[in-house]
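K.L.:
What follows is a structure written as structure tokens; I'll ask about it next.
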Amino acid sequence: MEITHSHIVLDACCILNFCASGYLIEILESIPAQVVVTKIVRERELLTLQRLRDESSESEDVSQFEIAIEKGLLSVTDFNSEIEEETFVNYVFELGDDGESATGAIAFHRNWAIATDDKKAISFFERESPHLQILSTLAIVKNWSEQEKLSYDTLRSVLSAIRTRGRYMPHRNHPLLRWWKDVMR
Amino acid sequence: MATNILDNIDLRQLGGLLQQARKKSGMTQADAAKVIDAARTTIVAIEKGERRLKSKELIKLARAYGRAVSDFVRSTPVTEPFEVQFRAAYQRNEQEEARITPTIRHFEELCRNYLELEKIMDAPLPRNYPQEYDVTNMPIEAAAESIAIAERQRLGLGDGPVHMLRDILEHSVGIRVFYLSMLAKYSEIYSYDDQLGGCMAINLGHHEERRRWSMAHGYLHFLAHRRKPVIDFEGQYKRIPESERLAEAFPKYFLMPTSSLLSRFNDMHRTHGKFTPTNLFTLAHYYGVSVEALGYRLEEMKLIPSGTLDRLRDRGLKVRKVQKELGLEEIDQRADTLPTHYQHLAIEALDQGLITEGRFAEFLGVDRLEARRIAESLFEYSSGMFDESAYLDLRQA
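Right under this line is the structure:
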């Protein structure tokens, strides 16, 4: 997996999935770009991540997200110009979603890649920012598994955790659906 | 995307929403002014829709009020504010107003969400609305019974029990029915707007028998006083108005039609040689009404002596305990907060990539994780399958 941008902005779907996997730190370490999350996503999704923790029996999962920020593996960013703020508000009008809009507006103006699984956000960003690379949870997990030469069993347990704890399954048109099905079989 | 949406947005609407959010957050106009480094008069002008906002200011205010920017700039349908509609209904009592206002706002938000989903999916809720019944100068009981008979006939309900009343009102009539948490004394809120049509919020905390009664009560308001918003709660009136007396009388005829009730009563009486408390419980369960509602109805019909219920109560009758002992299961019901059509529109919109996952979660009023769980169960509920066959059109060509 090549990332043609210096940074990649993760949206809430991907963060939730990576946290659910139990391997957020390892996955972030495998991404060949500085990984960023917007202030809005961090603030608005903290409660969801809290619930994920509450449902988790593994105490080491408890503060993956905060540890990743402390370690600098994940940096938190906010708007730094009026044009970013204006684009954000315009995107909110179209998407009806603050998190995706902040992710897209910041990526657009800073020429950063985006990681999202959200169908509406993907089609919107493809239209608005065709120059930006858009990656998915599965693309990033697949890259990590190949890079680390994960055993089949480990990979399967990671995808299962994302499936059961994160309640995520790829859409029927997802380009990596077949790969996911093969591993999960 | 070259244009700035804040240059084209309805400033009065935006100002109104900002004012509502500020008040809800407990901030004064002076507090809000500090947030954007402006004078208090600037906030006054913004809230009146007289001054255009910059994106930076909107973001700062939304954060200060603890709200999403999408709460202010989303292209939601414009409907008459419920607070305006209901002002007359509770203007007599400020305490009542303070208690019920959060529920009304929630109800209004859900109704608007519903309309927004219909617009996104281009799938309006089918309406099968009768003309408003004219009850002028009609005796109340006769009017209630005649409307009940006419509606049963119109909806093809025969004269048996009305099972799944909520589904009938939603799917066969086109009324939006939400089950919302409210204080116990409130039973139902009814509203009508040309865009939204008939809308009802029923107290989620009540037993299903009572919720069904409240729905029938609200339905009469829709049938006979369509444009009059109603908040129904105990001890509301010193002198009950005619419209309310009609709404109170209607459920007994609609849920327990005279002909059917008489026939069931006679059958039971013939079989057992008497009509026992067990029969009373069984019959109430059959019609999906409370034992009290059935008892008073039978007393009115002079099928049991008046005061029977009071005597049973004096003997220490415990309704729920007896129902359990008799093996009378809870009434088949759907106690979701949201109507099924609403839920299916939301899942379809998500599936077709017309709304984001975050927005889907907001439509359902849950967090992202719960939203994913619901999405999964709704897919299963809709189709029982996950693959492409779930999207086939099964109609005959």
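Those protein sequences? They're chains A and B, same order as listed.
One gets the working numbering by counting positions in the first sequence from 1 and adding 858 to each.
One gets the working numbering by counting positions in the second sequence from 1 and adding 1072 to each.
Heads up, the beta-carbon is just placed ideally off N, CA and C, and yes, glycines get one too.
The model shown is predicted, which means the values in this text are computed figures rather than measured ones.
1. Just checking: is the beta-carbon of Y1026 of chain A within a distance shorter than 8 Å of some beta-carbon in chain B?
2. Per the contact definition of three or more C-beta pairs closer than 8 Å, is the region 1257-1273 of chain B in contact with the region 1175-1195 of chain B?
3. Can you tell me where the beta strand (DSSP E) with I861 of chain A in it begins and where it stops?
4. Use the C-beta contact count for I1312 of chain B: other C-beta atoms within 10 angstroms, 16 or more gives buried, fewer gives exposed.
5. Could you tell me if S1259 of chain B is buried or exposed, where buried requires 16 or more neighbouring beta carbons within 10 angstroms of its beta carbon?
6. If we define contact as Cβ-Cβ less than 8 Å, is I1077 of chain B a contact residue for chain A?
7. Report the neighbours of V950 of chain A on chain B: residues whose CB is nearer than 9 Å to its CB, in chain order.
8. Is the shortest distance between the beta-carbon of I1219 of chain B and the beta-carbons of chain A less than 8 Å?
9. Could you tell me whether any Cβ in chain A is nearer than 8 Å to the Cβ of S1455 of chain B?
10. How would you list, in chain order, the residues of chain B whose beta-carbon sits under 7 Å from the beta-carbon of S981 of chain A?
11. Tell me the DSSP secondary structure of V920 of chain A in three-state form.
12. Assuming I1192 of chain B and L1410 of chain B make a contact with CB atoms under 8 Å, what is their CB distance in whole Å?
13. I want to see whether chain B comes within less than 8 Å of V947 of chain A, judged by CB atoms only; does it?
14. Cβ closer than 9 Å: which chain B residues qualify as neighbours of E958 of chain A?
15. Should A1195 of chain B and V1207 of chain B be called a contact, given that it needs their Cβ atoms to be closer than 8 Å?
16. Output the boundary residues of the beta strand (DSSP E) element that contains G1269 of chain B.
17. Going by alpha carbons, who is nearest to K1128 of chain B out of B:A1110, B:G1121, B:E1122 and B:A1117?
18. List, in order along the chain, the chain B residues whose C-beta lies closer than 7 Å to that of K978 of chain A?
19. Against chain A, with Cβ distances strictly below 8 Å, would R1084 of chain B count as a contact?
20. Taking the Cβ atom as the reference point for each residue, do A1319 of chain B and H1289 of chain B lie within a distance shorter than 8 Å?
21. In this structure, how does DSSP classify D1339 of chain B when only helix, strand and coil are distinguished?
22. Drop a sphere of 10 angstroms on the beta-carbon of M1027 of chain A, count the other beta-carbons inside from all chains shown, and report buried for 16 or more, exposed for fewer.
23. According to a CB-to-CB cut-off of less than 7 Å, which residues of the region 1097-1128 of chain B neighbour chain A?
24. Please list the partners that D1239 of chain B has in chain A, where partner means a Cβ-to-Cβ separation under 9 Å.
25. According to DSSP, simplified to helix, strand and coil, what is A878 of chain A?
26. Taking C-beta pairs closer than 9 Å, name the residues in chain A that E1448 of chain B reaches, listed in chain order.
27. Does F1250 of chain B come out as helix, strand or coil in the three-state DSSP assignment?
28. Do V1141 of chain B and I1131 of chain B have their C-beta atoms within less than 8 Å of each other?
29. State the Cα-Cα distance for the pair I1261 of chain B and I866 of chain A, rounded to the nearest angstrom.
30. In chain order, what residues of the region 997-1028 of chain A put their CB closer than 7 Å to some CB of chain B?
31. Taking 8 Å as the threshold (beta carbon to beta carbon), is L1227 of chain B in contact with chain A?
32. Looking at L1017 of chain A: is its Cβ nearer than 8 Å to the Cβ of W1038 of chain A?
33. Is the Cβ-Cβ distance between L1422 of chain B and L1189 of chain B less than 8 Å?
34. Measuring straight from C-alpha to C-alpha, what distance separates Q1415 of chain B and E901 of chain A?
35. Under 8 Å between C-beta atoms, does G954 of chain A make it to chain B?
36. Measuring straight from C-alpha to C-alpha, what distance separates L996 of chain A and H1032 of chain A?
P.N.:
With the given structure in hand:
1. As a position in the first sequence, residue 1026 of chain A is number 168, starting the count at 1. Closer than 8 Å: yes.
2. yes
3. For this step, residue 861 of chain A is matched to residue 3 along the first sequence. I861 of chain A -> no beta strand (DSSP E), and no H or E assigned at all.
4. Residue 1312 of chain B sits at position 240 when you count from the first residue of the second sequence. It is exposed - the Cβ of I1312 of chain B has fewer than 16 other Cβ atoms within 10 Å.
5. Mapped onto the second sequence, residue 1259 of chain B falls at position 187. When all chains shown are included, S1259 of chain B counts as buried.
6. Within the second sequence, the letter at position 5 stands for residue 1077 of chain B. By this cut-off, I1077 of chain B is an interface position.
7. Numbered from 1 along the first sequence, position 92 holds the residue referred to as residue 950 of chain A. Within chain B, the residues near V950 of chain A are I1077, A1140, V1141, S1142, F1144, V1145 and R1146.
8. As a position in the second sequence, residue 1219 of chain B is number 147, starting the count at 1. By this cut-off, I1219 of chain B is not an interface position.
9. Stepping through the second sequence from its first residue, residue 1455 of chain B is reached at position 383. Unreliable positioning characterises S1455 of chain B in this predicted model, as indicated by a pLDDT of 49, which lies under 50. The coordinate reading is nonetheless provided below. Judged by the 8 Å Cβ criterion, S1455 of chain B is not in contact with chain A.
10. Counted from its first residue, the first sequence places residue 981 of chain A at position 123. Simply G1425.
11. The residue given as residue 920 of chain A occupies position 62 in the first sequence. Because the pLDDT of V920 of chain A is 46, which lies under 50, any placement of that residue in the model is unreliable, and the number read from its coordinates should be weighed accordingly. In this structure, V920 of chain A counts as coil in the three-state DSSP scheme.
12. One-based indexing of the second sequence puts residue 1192 of chain B at position 120. One-based indexing of the second sequence puts residue 1410 of chain B at position 338. Not quite, the Cβ-Cβ distance comes to about 16 Å (not below 8 Å), so this is no contact.
13. Translated into the one-based positions of the first sequence, residue 947 of chain A becomes position 89. For V947 of chain A, the answer is yes, since a Cβ of chain B falls inside 8 Å of its Cβ.
14. Residue 958 of chain A sits at position 100 when you count from the first residue of the first sequence. Those within 9 Å of E958 of chain A in chain B are T1428, E1429, G1430 and R1431.
15. Looking up residue 1195 of chain B in the second sequence gives position 123. Looking up residue 1207 of chain B in the second sequence gives position 135. For A1195 of chain B and V1207 of chain B, no; Cβs fall outside 8 Å.
16. If you number the second sequence from 1, residue 1269 of chain B lands on position 197. Taken as a continuous stretch (DSSP letters only), the beta strand (DSSP E) holding G1269 of chain B covers G1269 to N1275.
17. In the second sequence, counting from the first residue as 1, residue 1128 of chain B sits at position 56. For the residues B:A1110, B:G1121, B:E1122 and B:A1117, the minimum Cα distance to K1128 of chain B belongs to B:A1110.
18. Reading the first sequence from its first residue, position 120 is the one you call residue 978 of chain A. G1425, L1426, I1427 and T1428, listed in chain order.
19. Looking up residue 1084 of chain B in the second sequence gives position 12. Output row for R1084 of chain B: interface = no.
20. On the second sequence, position 247 is the one that residue 1319 of chain B refers to. On the second sequence, position 217 is the one that residue 1289 of chain B refers to. A contact, by the Cβ cut-off of 8 Å.
21. Counted from its first residue, the second sequence places residue 1339 of chain B at position 267. Here D1339 of chain B sits in helix by DSSP.
22. Taking the first sequence and counting its residues from 1, one reaches residue 1027 of chain A at position 169. Buried: at least 16 other Cβ atoms inside 10 Å.
23. S1127 and K1128
24. Position 167 of the second sequence, counted from the start, is the residue given in the question as residue 1239 of chain B. Within chain A, no residue comes near D1239 of chain B; the closest Cβ sits about 28 Å away, beyond 9 Å.
25. Start at 1 with the first residue of the first sequence, and residue 878 of chain A comes out as number 20. Here A878 of chain A sits in helix by DSSP.
26. Numbered from its first residue, the second sequence carries residue 1448 of chain B at position 376. Correct list: R1025 and M1027.
27. On the second sequence, position 178 is the one that residue 1250 of chain B refers to. DSSP places F1250 of chain B in strand when its eight states are reduced to three.
28. Locating residue 1141 of chain B in the second sequence gives position 69, where the first residue counts as 1. Locating residue 1131 of chain B in the second sequence gives position 59, where the first residue counts as 1. Yes, these two residues count as a Cβ contact at 8 Å.
29. Counting from one through the second sequence, the residue named residue 1261 of chain B turns up at place 189. Counting from one through the first sequence, the residue named residue 866 of chain A turns up at place 8. If you take the alpha carbons of I1261 of chain B and I866 of chain A, they lie about 48 Å apart.
30. R1025 and Y1026
31. Within the second sequence, residue 1227 of chain B is the residue found at index 155, counting from 1. By this cut-off, L1227 of chain B is not an interface position.
32. For the purposes of this step, residue 1017 of chain A is taken as the residue at position 159 of the first sequence. For the purposes of this step, residue 1038 of chain A is taken as the residue at position 180 of the first sequence. For L1017 of chain A and W1038 of chain A, yes; Cβs fall inside 8 Å.
33. Here residue 1422 of chain B is taken as the residue at index 350 of the second sequence, counted from 1. Here residue 1189 of chain B is taken as the residue at index 117 of the second sequence, counted from 1. No, the pair does not count as a contact, with Cβ atoms beyond the cut-off.
34. The residue you call residue 1415 of chain B lines up with position 343 of the second sequence. The residue you call residue 901 of chain A lines up with position 43 of the first sequence. So the alpha carbons of these two residues sit roughly 27 Å apart.
35. In the first sequence, counting from the first residue as 1, residue 954 of chain A sits at position 96. Closer than 8 Å: yes.
36. Sequence index remark: in the first sequence, residue 996 of chain A carries index 138 (1-based). Sequence index remark: in the first sequence, residue 1032 of chain A carries index 174 (1-based). Going by the C-alpha atoms only, they are around 9 Å apart.
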